[in-house]
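Student: Counting with numbering that gives the first Met the number 0, you get residues 0 to 545 for the letters of the sequence shown. Every residue, glycine too, gets a C-beta built ideally from N, C-alpha and C. Because the structure is a prediction, the values reported are computed rather than measured. Take this structure first; my questions come after.
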Amino acid sequence: MPKRSTSSSSSSSSSVKRRRKRRRRRSLSPSAERDNSPVNVFILDAKLEPEAIAELASMVEDNDLSELQLCSSVQESDIIVTAVRMRKRLERHLDWQLARQKPIVTPDWLRGSIEQCRLLPCADYAALEELVETTASHCPEKTCLTHEECTHRTSSDPFPDAPNAVDNANKDIHPGLFQRYACIRHSPLVCVNQDMVNQFLVLKRHRELEGWQLRALSYERTIASLKAYPHLITEDKLTEIARIPFLGEKSMTKVKEYLRQGKISECTTLLANERYQALSSFISIHGIGPSTARNLYSMNLRTLSDLERYYGVDPDPDVPAAEKLATLPQSHGSKSNIPQLTIPVGLALRHDLAETIPRHEVEEMRDAVMAELDKIRTGCVSTITGGYRRGKLESNDVDIVISHSDLKIGRGYVVGLCSQLVRALYRKGLVTHVMRELVRLHVLKAALLNLTFLVDLSSFREHNTLRTSHWDSLEKALTVFLLPNDGKGTRRIHRRLDLIFAAPEVYWTAVVGWTGSKMFERDLRLWAKQEKYDYTTSTTPQRDLD
Numbered sequence: 000m001p002k003r004s005t006s007s008s009s010s011s012s013s014s015v016k017r018r019r020k021r022r023r024r025r026s027l028s029p030s031a032e033r034d035n036s037p038v039n040v041f042i043l044d045a046k047l048e049p050e051a052i053a054e055l056a057s058m059v060e061d062n063d064l065s066e067l068q069l070c071s072s073v074q075e076s077d078i079i080v081t082a083v084r085m086r087k088r089l090e091r092h093l094d095w096q097l098a099r100q101k102p103i104v105t106p107d108w109l110r111g112s113i114e115q116c117r118l119l120p121c122a123d124y125a126a127l128e129e130l131v132e133t134t135a136s137h138c139p140e141k142t143c144l145t146h147e148e149c150t151h152r153t154s155s156d157p158f159p160d161a162p163n164a165v166d167n168a169n170k171d172i173h174p175g176l177f178q179r180y181a182c183i184r185h186s187p188l189v190c191v192n193q194d195m196v197n198q199f200l201v202l203k204r205h206r207e208l209e210g211w212q213l214r215a216l217s218y219e220r221t222i223a224s225l226k227a228y229p230h231l232i233t234e235d236k237l238t239e240i241a242r243i244p245f246l247g248e249k250s251m252t253k254v255k256e257y258l259r260q261g262k263i264s265e266c267t268t269l270l271a272n273e274r275y276q277a278l279s280s281f282i283s284i285h286g287i288g289p290s291t292a293r294n295l296y297s298m299n300l301r302t303l304s305d306l307e308r309y310y311g312v313d314p315d316p317d318v319p320a321a322e323k324l325a326t327l328p329q330s331h332g333s334k335s336n337i338p339q340l341t342i343p344v345g346l347a348l349r350h351d352l353a354e355t356i357p358r359h360e361v362e363e364m365r366d367a368v369m370a371e372l373d374k375i376r377t378g379c380v381s382t383i384t385g386g387y388r389r390g391k392l393e394s395n396d397v398d399i400v401i402s403h404s405d406l407k408i409g410r411g412y413v414v415g416l417c418s419q420l421v422r423a424l425y426r427k428g429l430v431t432h433v434m435r436e437l438v439r440l441h442v443l444k445a446a447l448l449n450l451t452f453l454v455d456l457s458s459f460r461e462h463n464t465l466r467t468s469h470w471d472s473l474e475k476a477l478t479v480f481l482l483p484n485d486g487k488g489t490r491r492i493h494r495r496l497d498l499i500f501a502a503p504e505v506y507w508t509a510v511v512g513w514t515g516s517k518m519f520e521r522d523l524r525l526w527a528k529q530e531k532y533d534y535t536t537s538t539t540p541q542r543d544l545d
């Protein structure tokens, strides 16, 4: 991708000075200077997709203004951003009396305020009709950026700290370290501060388990920043690492605590907490997410043995998975003969699926898939992505992106290939269950309207086409895979295998998208948006020059 042109050397020193000054976050008006307390923004995650939450959080984090900052407590917030538009739905997440004491606005208020460099009138963006008056009366003071301040935040100067702004630049430090986006920074599999990172991972996991997505995202960004730092963090490095993006006051407090005590006390407490232990074990089962895990915990279930008894699965670890599966009712889609990976099946297979997959077995799985695919369609190509492509010696699952070698007509060869291959693999006994199988269903009306419908082939239920975004529009199948016996007595167990199909022109974007971590992928999209690329894992990147 082409990069933006850099400023001339004659203006570099003034640019650096300007960046250094902006490290003291600007205020918008004289009145704001007298009252330096920022506007605390609370993002209610109900009805918001993770990508939308990340986008809104990034807007607040990146706006470089003293007027806005993220707030994790709704009680301490000055304004609440939500996609909820009905009172009954809002009351599930927010006490109505508290709601009447806060301005409650739609995400468009935040987007518009950032775009126009001023806090917009809240009443124009009130999320609920019943709260228009209270939203207007509690709206933060309207303030504006001067023209000069707005022009300083141009696309050619997007980051608060460019590498050349660091006073004592270290040649051993990658220049991307001080950049905002994780896709620009180095991220080793195991970093020199891995023990500290592991402690922060516990804090992030806890927030995820409790459904606090925004807080989890904050820790996820902190972790990505810490992993990028190439030296062991010590007391004398604190000033330097404080310049790294997303190491805020709270994170720095925990870093200092770790340096003093060799641990983070909250992490130690969580690891010994019964609820944290139970929820962590529950989400290790395929089909159970944080919300389901919390529901199961509320039913006084505490261990995986409790779950096995609840779902009627043989708890004996010595009983082979195949025997356990034979005793379970199989769930099939209305038109598909492929069993679904339900929670009981996930419990029966949990010992198999918990074992990591060595690289040589990953390659065996790829070879078996491609051999079967070659019988259906010749000329196909594939790339193993995920942890394997990142260099992991052992993977938790296997991701394979598949395309066709013919750049001109390959798109037509790829469409519909997903369902054909999965059914062929199932007939041969290689695929045993389908967790999720998606294809793009093109019908005449959809083609005329340039629409694409996603259908879950494991149940043939059409996805909600009214949702503003989907995971992506690539054909994919999330399966359970079992290699055949090799005649050498090699132990074969069930593995998780994801098959992703991409047209030749978007093959490389799919490979990139399915290689990186969630944070890498999220930041890659944000970076592409900033650089005016139209990038997704299912579209060819195009530069928007308008």
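Counting along the chain, where does the beta strand (DSSP E) carrying ILE342 start and finish?
Tutor: Taken as a continuous stretch (DSSP letters only), ILE342 belongs to no beta strand (DSSP E), being part of the alpha helix (DSSP H) at 342-347.
Student: Does the beta-carbon distance from LYS236 to VAL196 come in below 8 Å?
Tutor: No, Cβ-Cβ distance for LYS236 and VAL196 is not below 8 Å.
Student: Taking all protein chains shown into account, decide if LYS427 is buried (16 or more other Cβ within 10 angstroms of its Cβ) or exposed.
Tutor: The residue in question, LYS427, is exposed, as its Cβ has fewer than 16 Cβ neighbours within 10 Å.
Student: Can you list, in chain order, the residues of its chain with a C-beta nearer than 6 Å to that of PHE519? Leave out the 5 residues immediately preceding and following it.
Tutor: Excluding positions up to five away in sequence, the list reads ALA181, CYS182.
Student: For the putative contact between VAL421 and VAL433, defined by C-beta atoms under 8 Å, what is the C-beta separation to the nearest angstrom?
Tutor: Yes, they are in contact, since the Cβ atoms of VAL421 and VAL433 sit about 7 Å apart, within 8 Å.
Student: Cβ-heavy atom distance between HIS350 and the ligand PLP below 7 Å?
Tutor: Only the bare structure without any ligand can be found here, which leaves the ligand PLP out of the picture.
Student: Can you give the Cα-Cα distance for TRP513 and VAL505, rounded to whole angstroms?
Tutor: Approximately 12 Å, taken between the alpha carbons.
Student: Quick one: what's HIS185 bridged to in DSSP?
Tutor: Paired residue(s): none; HIS185 is not in a bridge.
Student: For SER516, does the three-state DSSP call read helix, strand or coil?
Tutor: DSSP places SER516 in coil when its eight states are reduced to three.
Student: Could you have a look at GLU393 and say whether DSSP puts it in helix, strand or coil?
Tutor: Strand, per DSSP.
Student: Label TRP526 either buried or exposed according to how many other C-beta atoms from any shown protein chain fall within 10 Å of its C-beta, with 16 as the threshold for buried.
Tutor: Label assigned to TRP526: buried.
Student: Output the distance between the C-alpha atoms of SER418 and LYS407, rounded to the nearest integer angstrom.
Tutor: One C-alpha to the other measures close to 23 Å.
Student: So, with DSSP's three-state summary, where would you put LYS262?
Tutor: LYS262 falls in the coil class under three-state DSSP.
Student: Let me confirm a value: ILE356 is counted as buried when at least 16 other C-beta atoms fall within 10 Å, else exposed. Which label applies?
Tutor: Label assigned to ILE356: buried.
Student: Kindly indicate which three-state DSSP category LEU67 falls into: helix, strand or coil?
Tutor: Strand at LEU67.
Student: Using DSSP with H/G/I as helix, E/B as strand and the rest coil, what is LYS101?
Tutor: DSSP places LYS101 in coil when its eight states are reduced to three.
Student: Rounded to the nearest angstrom, what separates PRO343 and ALA292 at their Cα positions?
Tutor: Taking the straight line joining both Cα atoms gives about 14 Å.
Student: Is it buried or exposed, MET85, if we count other Cβ atoms within 10 angstroms and call 16 or more buried?
Tutor: It counts as exposed.
Student: What residue range does the beta strand (DSSP E) around ALA476 cover?
Tutor: Start and end: 474-480.
Student: Straight-line CA distance for LEU43 to GLN100?
Tutor: Computed Cα separation, rounded: 16 Å.
Student: Where does ASP317 land, buried or exposed, given buried means 16+ other C-beta within 10 angstroms?
Tutor: It counts as exposed.
Student: Could you check the C-alpha separation between PRO37 and CYS190 for me, to the nearest Å?
Tutor: Those two C-alpha atoms are separated by around 35 Å.
Student: Within the continuous alpha helix (DSSP H) that includes THR238, where are the two ends?
Tutor: Its alpha helix (DSSP H) spans residues 237-240.
Student: In chain order, which alpha helix (DSSP H) runs of at least 4 residues are fully inside the region 84-136?
Tutor: Whole alpha helix (DSSP H) segments, 4+ residues: 86-90, 95-98, 106-115, 131-136.
Student: Please report the straight-line C-alpha distance between ASP94 and PHE41, rounded to a whole angstrom.
Tutor: The straight-line gap from Cα to Cα measures roughly 14 Å.
Student: Going by Cα to Cα distance, which pick from LYS46, ALA135, THR384 is closest to ARG91?
Tutor: Considering only alpha carbons, the answer is LYS46.
Student: Tell me, which residues are paired with PHE41 by DSSP?
Tutor: Note: PHE41 sits in a beta bridge opposite ILE79.
Student: My output table needs one value for ARG338: the three-state DSSP class, helix, strand or coil.
Tutor: The amino acid at residue 338 is misidentified as Arg; the sequence shows Pro. Note: PRO338 maps to strand in three-state DSSP.
Student: Under DSSP, the beta strand (DSSP E) around ARG494 begins and ends at which residues?
Tutor: ARG494 -> beta strand (DSSP E) spans 494-500.
Student: Indicate the three-state DSSP secondary structure (helix, strand or coil) for GLU436 in the structure shown.
Tutor: Residue placement at GLU436 cannot be trusted, given a pLDDT of 48 that sits under 50; the coordinates are not used to answer.
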